[in-house]
Structure formats: C-alpha cells, structure tokens
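Comments concern the structure below.
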Amino acid sequence: HCFTAPGSYLDKFFNKTKAKTPEEIAQYLEQDDELEETHSSAAEAGQSEQLESVDDPINTHFVCFSCVDGNLYELDGRKKRPINHGPSSSDTVLQDSCKVIKKFMARDEGEMRFTILALAKTQPSLRWKCFCLLWIFKSILIISGDANSIDLYVSPDGSDSGTADGSLTKPFKTLARVQQQVQANNKLAANSYTPINVYLRAGRYELSETLDFTKDDSGASSDALITYQAYCDAAVEKASISTRTFPYHSGLGIPPRLFWNGVGDIDKWKGPADPFAQMGVNRSANSNLVTPAPAQGLGTDIGHVCVDKNNGVGHTCYAKSSPIATCVSGCMVTCQDHIARKRYSEIFYDEFTHLFGKDLRKEEDCVEICSLSCRGCEKVVISGSKQLAAGTLTWTLDRSITVASANGALHDLNIFGTDLSSILPGIAASVVPAKPEDFSTFTTLYLDNVLLPRAGFPNCLVNSSLPAQTLNCTYESIDIVNSHIIYNASTFSDRVSTWTNVEGIMADLRPQSTQSTSLRYSINSVDSLSATIELGAGGSELSYDIFMDGLGAASVASLDPTIRVENVFEELDSPGEWFFDASSRWLYLIPPNTTTTATSLANSVLEIPLLHQLLRVSGSRENQYVTPTNAHTTLKETTSDIKVSNLHFRYLTFSGTQLHHLNIYERVPGSLWPMTRVASFFLESVTNTTIEFCNFEKIGGNAIMVSGENSNVQIVNNNVSFVGSNGISVLARRGFQLNSFREPVLTHLLVPRAVNVSFNQVHHVGQQVAHSAAIMVVGAKQTTIHGNLVLNVPTTTDTSNPAAFPALFSSSAYHVVNANGANYDDGLPLIRSITNLNENAIPITQAPLLSSQYHVTVPLLGFDMNIVAKLVGAPECFSGSGRVGSLYGEPMPFTYTSCSGCCSVHNNYARIRVTSSGVAWNDATSREVVVRSGESVDIAAMSSAYFNSVVDVYLGFHIVTPNQIFNLPTQTKWQIRTRSCQYAEQTYQETCGGPCIQQDGCGNSNAALHLALGSSLACNSGYESNPPSLVCTGPFEAQHDCDGTGVTKSHMYYNCSIDCFAATCT
C-alpha cells in the first residue's frame, strides 16, 4: 500500500489520475507544470561537484548498463574502462543487467539505497530497440570491475603443503601462505583487472609476528581489489533470522495510524504542545474514531533478540547464540548508552510509550541502523595471543599463604606455578632487544576469557559485576619530590624491604587521585628505610613538560598523587593475581576462585597477548627500517611516494595485543597529546583501503591507527571495545630529510586525506592509558566523522568538587584538532637524552705510533631506556687533505656543507662494542650496538699511517619503534691524532743485479722482479722505499754456475736499483 499526506502533490496526482488509462496519465504528466518546477528545483539542488580524483569517496552515483554490439557493458565513471559482462541482446538486456546487479547487491544485504531506472526509445512496433539501465548505489560497494574473481580460502584445518591449492575444499592453513598466493596471482598480467577474494574460515589465526602488507599486496586497481574477509554462508545467515509484519496497520482511505498499541487518547499527552505536527500527523483527523485494522498473522520469532525495523521490514529477530544475535545485542547496549543519545525524563518516556506503543528507551532507530553492520559470518579471530588450551599446562602447588581481608578475617590462598619455557622461550642472554616490543615478557593475561591483574600493591580485584576485561583497582596516596616517591610506611605495603625484582616493577602513578589519567614508570631503586621509590624510565603518557620536568611542571595545588605498583612477586597475595618470572619462565597464579585445584586449573584456557601490532599496511615511509628480523641494523631513508592500495578487510575479529609502559611516545604535530605510533591495525602510506564490519577486542594499546600520508581510507561499521589506549586514530606525522650523518635538515608534514570514520561502535577505551580518546583525528584533511556510537570513555572530572581539583589532563570521546601552528619539535620522540656528550666530549687521543690500534671508553649518562649506538663517520684525514663529508664505510663522499669535520672515506674500519660485553675486537664487526641504561661503549680505530694526521670517528644514536627509527640529536666525535714532525731525511740506494738470483740477482721476469722488490731490493730496517725511483736495465745474458753444481749455464737477468729513505722527527 502507498499512503500520501493530504494536500500533497502525490495526493492530488493520485486523486486526479486514478480513473485514467496509462496513456492518459502520461499526457497529464507531460502537461503538468508543477511537476516540471519541482523537478527543476531538485535538479539544481542536486548538482554534483567535480571530484578531484575518481578515487575520492562519494556516497552514491549512477552506473549505466547498455547493450552494444551484442554485449552487455557496464559504464561507471569511477572505472577506467567499460566492463564487458558477456553476450546480451535488446530482448534480454533487462534480465542480463539484473543478474549483474543482484551480484553487487548481495555483497551488502543490509544496504537499501538502490534505485533502478530504465531509459528506452521505441519503434512503431513498440519493441525495445535500445535499453539503458541506471543503478544508483553506495560507492563503497564497488569491489570489482569484472563479474569474475579469483577466490582463495584459508582455514585453521587447512594445509600449507601437499595438495592444498587454496580452494574451498583444499584451503591453505596460514595467512602468510595465502598472502604468498595472492602476491603470485597479483603479478600475472592476466589478472590485472581481476579482483581477488580471500575467505577465512572459522577459527583462530595466531600470528607469531606482525603480518605486513606492502605494495606487493596491493590490488591492481580500484576495479580489482584484494579483499580479506570471513566466510559468510548466506543460507546459514538467512536461517538465523525471522521477520514478521507489525501487528497493526492502517486501512485504505484513512489517515496513517502511528498508534501501534491501539491507544488513541491524545488528551493524555503531557509532552510538547503539538508532537503530532512534528511527526507529520494531522491531529484533527487522528482521533479515537480511527481504529486499527485487524492484527496480522504474527508468525513465530526465532529468538529473543529482536528489532522493529522501519521501511517495511518489520519485526526482526535473530536466533539465540548466532553471530548476528550477538552483534545486535551489542548494538542494543551501545545505542542505549552512547554519549550522543538524546535523553528525556521518565514521564516523557512513559507517555510516549502510552500513546505510540514505542519505548524510546530501547533506542530502536539507533539499533536498526547499527544492526545493518551485523552479519552472520563465521567467527574469524586474528590474534597476537598465545592461547593455551585446556590440558596444555601442568600446574603445581607452589605454596599456600594466609592473608587478612579488609574486615580482618584470615584466608588461606594457594599459589600455583607452571613452566612456560617450552611454550614461550626467552631470548638468548647475549641478545639485547633494541625496542620494548622485543622484551621477552608479557604484561596481560586472560584466564578463561577473564582479564587478571599482575601482582602488586594495592590490590586489583576481579569483580564479576564489571565487564570481563575491566579490573577494580585501588591506589595509595603518596608525595613526590623530583623523581622520588615518598610513601607512608604505616599504610604502604610492609613487604617493600623484600622486593627482589626491582628492575621489573612498573609504577602506575595518578597525578590526581580523582582522575583516571596516569603515568607509568619503571623503578630504579627502592629504599625501605627512607620510604622512597626512585622512578626510572617512562612517564610519557600525559605531556612533554611532565615527561621532561617531572610532575613539578604541573600546578602543585592541583596535585593529589596516588600510586599502584605491579609486577612484584612478593605482593602476590590476592585472588586473580599473577606474576611471570622472565628469567626462569615460570608463571605463578592465585586463581580467582579460591577452591580451584591444580587439576581444575589445568582444565582452564590461558591466553597471553604477545604482539604489539597485528597488521601493518604500509608503503614507503621516512626513517623506516628494512630488515624486520634485526630492526636496528639497517636504516633506509625514503619518501612516502610508494603506496599500498586497493585493499579491503571485512568481517574479521582482531584480538590479543599488549601494551608496554616503555613504548616510545611522541608529540603529535598540532596536538599536546603524546601518542605511541603502534596499533593492532597500523596503516601508513596507503590509499583506497577499507576496514569495515570488523571487531577489535582485547587490545592492549591502540586499536586502529592511520598515520602519516594516506588517502581514501574507509573505517566504517567496526566494533572497537575494551582497548588499552585509543580507539581509532588518524594522525599527521612529521617527516625529516636527513643528511649523510642522519641529521634532520628539512622537515615537512605527512597528512592523511579523505579518511572516513563512520558508524563505528567505540567503547571501553583507555583501559590502561586513560589519557586517550575514542576517536582521535589530528592534522588530517577532508576527513569525515559521522554516526559513531561512543560510550564508556575514562572520566576526567571530579564531580564532587571540580573547582578544587580541576582535571589537569583530559580523556575524551573525540579529540579532533588541526596541525596549524605545529613546530619543529612536534613529532620528536619523548625520550630522555644522553646528558654527558657533545661534539667534543671525548678527549683527543695523541697517537705516538703510526698505523696502530687505539681505543677509548665512552660513558653514556642520562638516558633510561635501550638505545642504539652507531658509528656514523670514521674517515681518515692525512696531511694536507681536503676535508669533505663522508659516511664511514660508504663508497661516495657526501658534500653537505654542514659536514666540516669529516674527511674522505677509507677502509680503516673502526670498531664498537659495549663495555664489559666480553666481545673481542676481532668479533666486533657490527657498526651498531644496543646499549642499556647505565652501560658504556668502547670504540677502537687505527691511527693514521702519516704523521701530522687525524682519524675522526663519529658516534651517533637512535631508538627503534615497530614502525620507524628516531635519530637522537646527540652526536660526538673521537679524534686520533698522530704527532707533529719536521722531517730529517736520510737516503741510500738499494741494488740488485747479476745472473744469479741467489746472489741478489733481480731475475729475468716481471714475477721475479716483483719478488725482488720484497727481498733483493728490500730497504734496510727503518727505511722506506720510493717506488717511483725504481730503475731496471737489461735484459743481459751471462754464463754462470749459479747453483754451485759445477755446471755453467746461460742466464738472462736485469740490473735494478731503488732509492730508500728514512724520516726522523726532530
């Protein structure tokens, strides 16, 4: 049925034409001026702006299907050429077009914005001669140019060897293997216009390292995308949904009825004066005389998760425990709690329900939109966690302890232990990680899908009333003087004097007790006698000033600091707490349920997040490392010109990353918020890439990050929940052009463009770093943020007395700023620099001996985390040489004018090692070494072979993050200088000649002469030869008994001489 508002154009049209024939209706429309005026007005309002690029995101556009020369062609302005869909004719063009369109529409069953229009011209016979079908749709649905595609399958039950070919019946097993196959197919010229679809079957895909997508993984074009998605069985999905019409509907010829519950007493309304007019209802005609039509057949609901959907869909329900029911249930919770929800009084809700039969508390309009992102695809989890199934581990009772509860009652708790060395082996003792992400430990643990706290003080409780990934922690009040914490010994832990794992302890420090924003530090030392704790590395989560100057940079009056220390074995005393001994690889745990035994604990599932990043989609980028297995040994300076493009990720769940408190933070250009550029899904230098309908859960750090120069990135309809830091981040990045010493000489901003962040659910963010945002966009251009549902972000205000304790640091649902005014320092890492070095900090070494090895020990003070020390220049300058720039060990000199203290390159390689590392100089072949806080480095080099000469050895430093290298401004030079001399020369002439070599003869061949230069013509000790003075005459012939046998033989020979000289310093 179709209903029109009284007096509207359609109402008048239907009344005037309801008795007319089709031909008469057509004539009426042709003469109707009102329709022409309405059409012209709409056409002018709908004029499209010219897009800068065919890849620019748009909501809807037209596609034409036309029959030309016996083939059906698709004409799409966003595609580079017409697409031939095979044979067709003027008689079958409609049917053939619809077949293609149905395939496109099937890719997103929840989308309803489809319109079809037929354009035709007729012959006298009224037979169709030419036909053009126009289809309007969302541009995001265009995922292929041709009807054909290459489909690959991967399954946890598949295989990467044998007969596995990536088909549905013989799928691959790992993502790495199917990625190789995609790259192989992508290189074939025949596939340049063919989309590639990778379908992941249900199960867990555990990653041992970050999965990288580079330019080799790009789709060939926007018509030939490469899509990674969960496998969706349409039949299974359809079977989990039931739909029935609404119980009541209006009859024909009467005004529309909105009272679903049959209540029509409008006089009881206590809301706005005329709510009906706002809804387009004619109040005078909508009275009690209007009765609903009889109830329709109600049918049967397949489950209890139901949504009343508009636009004729009806009452829709989903089967219990189905993936789509779980998703819709999440939509219901999110819609009822999201921060942008309109909220009314209880009276308003009750009256609206009474009059209209619709409970606004349910937010069904929001749920209907949100549920469009729910699909019944197979559950696919891409995880950075190590999941240990029931029965994998053997637990033993380590010991029992007795603890007192808050009310003074005593309780016995059991501490169980298990050996993880065979499952999580540590790194070799000789290997020093270059970055925190490589540390051989973990910071997060789940037991049977419940997050457990690390052992610490005060305790964190596992509260079953809270979400499974939320802890209820308490903090202890402290004072702070410089970098020292002063605690109250009477209220603080009485076990401080027994703490043994001081270097592994992490301090979670809240500058304001009422605010959840905090700083996270390592501990340098603990002194139980003076009740002080010295803070170490870390503390970069809130601001640059706080990081550099300590909490003294904030308003002292506003400080009310509290602390919790964790990862302390001696504080393992509360249900749910755990401690991992990184040296022995043993895990110790107090089960949340105090009745748990070693046997029942062995039947639990343990999940340990290990990776910091799951997927990295990245083209070229400045200061990237290019050797992933040894990140700190290769530094390559690039631009961001090489892009990864045409990728699509959908219906996937990303889970299991950890956050380390020593992750490198940096100042984001244009923002005061520090940020670590590490995320479970990291994108940089990408274009035309989509992440949609994906779930992000159990994420220790950031969930999704678009960093630096990117364009046309779609992040839509995703669920991001229970995240340690930021939800979705779109950030500009500062790039540097470097000179040969890796010093930044030019700077520029790398800006994301045309990023769409829409219709995502983002909640429970900032679980570990409360100074976070659900959606952060800094320095981006042409970015869309629309329709996102955000809830449960960390609070940053003290509602009891905000005037007395204003929040110093904020967390936010949205943090959106531009990069105007960004300065050079923005983009630099938050690290504490080396304090005792400058260019001339190392004393000059006076070398009395030529061509001899010298060495020096260089103390490194001030820094508090692992850095990389490297030889950046070690050329030789001999007497009178020109001084031109050159990197040590590189073949070509560099002539940048700022390099005034370096000389031409030579092969006199210097050496570097960590002091007391036990590495012999002959084995110290690397140009770089990782140095830990408190360590020094040794440098060795050969002195010059000339007097009055120097050898310059330049020492530089950098730090490594998962996605880039930061060069530190600290650089120093060590100079070896040979002694200055005035020469007094002494010369003589060395000769050889005669037929007998044994008697200082020179011989009769070039080889013999060469040998003579080292023997017969060798200068006396203390003298050097002058090669240009070599003179030989001959050949001569003589009869002589050279070997003393008494036999005279003929010999050919030369007579030679060479000048020898000695230089003495005076």
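In this text, residue positions in the sequence shown follow the UniProt record's numbering: the first is 1, and each later residue adds one. Glycine is no exception: its CB is placed at the ideal position from the N, C-alpha and C atoms. Values in this document were obtained by computation on a predicted structure and should not be read as measured data.
The C-beta distance from Ile150 to Asn84 rounds to 18 Å, too long to fall under 8 Å, and the pair is not in contact. In the structure shown, Gly724 adopts coil according to DSSP, grouped into three states. The beta carbons of Thr443 and Gln181 sit no closer together than 9 Å. If the five residues before and after Ser604 are omitted, its C-beta is found closer than 6 Å to the C-beta atoms of Leu447, Asp448, all from its own chain and listed in chain order.
Residue burial annotation: Val481 is exposed, with fewer than 16 other C-beta atoms found within 10 angstroms of its C-beta.
Note that the C-beta distance between Ala732 and Ala780 is below 9 Å.
Between Ile728 and Phe654, the gap from beta carbon to beta carbon reaches 9 Å or more. Inclusion of Cys1060 and Gln989 in the CB contact set at 9 Å is warranted, their separation being smaller than that value. Taking C-beta atoms under 8 Å as the contact rule, Glu666 and Leu828 qualify, at a distance of about 6 Å. Counting the other CB atoms within 10 Å of its CB gives Trp921 a total below 16, which places it among the exposed residues. Its chain contains Gly956 as the residues whose beta carbon lies nearer than 6 Å to that of Gln971, once the 5 sequence neighbours on both sides are disregarded; these appear in chain order. In the DSSP assignment, Met675 is bridged to Glu666. In this structure, the CA atom of Phe759 is about 16 Å from the CA atom of Val730. Partner residues in the beta bridge of Gln714, as assigned by DSSP, are Thr690, Asn756. Under the three-state reduction of DSSP, Tyr153 is assigned to strand.
Here Val757 really is in contact with Asn788; their C-beta atoms are around 7 Å apart, less than 8 Å.
Within the same chain, and ignoring the five residues on either side of Tyr1023 in sequence, the residues whose Cβ sits closer than 7 Å to its Cβ are Cys1060, Phe1061, Ala1062. Judged by their CB atoms, Cys327 and Ser383 are not nearer to each other than the 9 Å cut-off.
Around the beta carbon of Asn866, a 10 Å sphere encloses 16 or more other beta carbons of the protein chains shown; the residue is thus reported as buried. Just measuring C-alpha positions, the residue of Tyr475, Ala26, Gly219, Phe580 sitting nearest Ser421 is Phe580. When the five nearest sequence neighbours on each side are left out, the beta carbons in the same chain lying within less than 7 Å of the beta carbon of Gln183 are those of Asp216, Asp217, in order along the chain.
Considering only Leu1030, Ala1012, Gly1003, Ser1016, the residue with the shortest C-alpha distance to Ser1050 is Gly1003. The three-state secondary structure of Asn501, taken from DSSP, is coil. If only uninterrupted alpha helix (DSSP H) runs of at least 4 residues are considered, those enclosed by the segment 308-383 are 323-337, 346-356, 364-371. Residues Thr972 of the same chain have their beta carbon placed closer than 7 Å to that of Asn838, with the five preceding and five following residues left out of the count. Contact between Gly77 and Ser645 fails: their C-beta atoms lie close to 19 Å from each other, not under 8 Å.
The distance from the Cβ of Ser405 to that of Gly426 is about 37 Å, inconsistent with a contact at the 8 Å cut-off. Per DSSP, reduced to three states, the secondary structure at Tyr228 is strand. Contact between Asn197 and Thr243 does not hold, since the beta-carbon distance rounds to 29 Å and is not under 8 Å. Closest in C-alpha terms to Leu509, from the list Leu606, Glu437, Ser936, His771, comes His771.
Assignment of beta-bridge partners to Asp581 by DSSP yields Trp586. Separation of Glu437 and Leu1013 (C-alpha to C-alpha, rounded to the nearest whole angstrom) is 59 Å. Shown here for Val1047: same chain residues with a beta carbon closer than 7 Å to its own, the five before and five after excluded, namely Asp1041 in chain order.
DSSP lists Ala679 as the beta-bridge partner residues of Asn702.
When secondary structure is reduced to three states using DSSP, Gln95 falls in the helix class. A distance below 8 Å between beta-carbons, with the five flanking residues on each side excluded, links Tyr651 to the following residues of its chain, in chain order: Gln229, Ala230, Cys232, Arg375, Cys377, Val380, Phe693, Cys694.
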